[in-house]
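K.L.:
Take this structure first; my questions come after.
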Amino acid sequence: QVQLVESGGGLVQTGGSLRLSCAATGRTLSNYLMGWFRQAPGKEREFVAASTWINDYTNYADSVKGRFTISRDNAKNTVYLQMNSLKPEDTAVYYCNAENRYTTTQYWGQGSQVTVSS
Numbered sequence: 006q007v008q009l010v011e012s013g014g015g016l017v018q019t020g021g022s023l024r025l026s027c028a029a030t031g032r033t034l035s036n037y038l039m040g041w042f043r044q045a046p047g048k049e050r051e052f053v054a055a056s057t058w059i060n061d062y063t064n065y066a067d068s069v070k071g072r073f074t075i076s077r078d079n080a081k082n083t084v085y086l087q088m089n090s091l092k093p094e095d096t097a098v099y100y101c102n103a104e105n106r107y108t109t110t111q112y113w114g115q116g117s118q119v120t121v122s123s
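To convert, note that position 38 of the sequence shown is 43 in the numbering used here; the numbers rise steadily by one, no gaps.
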């Protein structure tokens with residue numbers, strides 16, 4: 006069992022920055038691939054970025070490459086999503102995700118609203 010608690014998000018103008026945090030608790034977190042997804046109104050949830058706890062692997066959606074950075078603090082069991090050069094189309098509810106690399110069981114955070122005004 007993994008619990009994910011998100012913080013951060015809010016309202017920002019175009020070109021601004023925000024940072025999301027995802028604090029994870031549970032056993033064997035090293036078995037999990039950590040990711041961020043987002044869901045805009047009327048759209049399906051989409052992948053944003055992913056990382057692991059144990060190496061330098063990262064992956065990004067094309068739409069956020071060069072603007073968003075996923076990072077982690079192993080001592081705090083926390084994953085971050087730094088979002089720079091934000092655009093109105095980045096407006097969405099952002100969800101933290103943990104997927105077990107062996108069983109594919111997934112856990113989700115509660116969601117954080119990010120609104121980018123034009």
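Just so it is clear, CB atoms sit at the ideal spot from N, CA and C, and this is done for glycine as well.
This structure is a prediction, so every number in the text was calculated from the model and none was measured.
Answer yes or no: do leucine 91 and glycine 21 have a C-beta to C-beta separation smaller than 8 Å?
P.N.:
Cβ distance < 8 Å, so leucine 91 and glycine 21 count as in contact.
K.L.:
Assuming the contact rule is C-beta atoms closer than 8 Å, tyrosine 99 and leucine 34 should be a hit. Round their C-beta distance to whole Å, please.
P.N.:
That pair is no contact at about 20 Å.
K.L.:
Whose C-beta lies closer than 8 Å to the C-beta of threonine 19 among residues of the same chain, with five residues either side of it excluded?
P.N.:
If we look at threonine 19 and ignore the five residues flanking it on each side, its Cβ neighbours are Leu91, Lys92, Pro93, Val121, Ser122 and Ser123.
K.L.:
In the DSSP assignment, the beta strand (DSSP E) including threonine 57 goes from what residue to what residue?
P.N.:
Taken as a continuous stretch (DSSP letters only), the beta strand (DSSP E) holding threonine 57 covers 51-57.
K.L.:
May I ask which residues mark the beginning and end of the beta strand (DSSP E) holding serine 35?
P.N.:
From DSSP, serine 35 is part of no beta strand (DSSP E); its letter is neither H nor E.
K.L.:
By alpha-carbon positions, which one of Gly13, Gln8, Val7 and Glu49 ends up nearest to valine 119?
P.N.:
The shortest Cα separation from valine 119 among Gly13, Gln8, Val7 and Glu49 belongs to Gly13.
K.L.:
Output the distance between the C-alpha atoms of serine 68 and glycine 116, rounded to the nearest integer angstrom.
P.N.:
About 20 Å.
K.L.:
Find the nearest neighbour of leucine 16 within the set Met88, Ile75 and Thr110, judged by alpha-carbon distance.
P.N.:
For leucine 16, the nearest C-alpha among the options comes from Met88.
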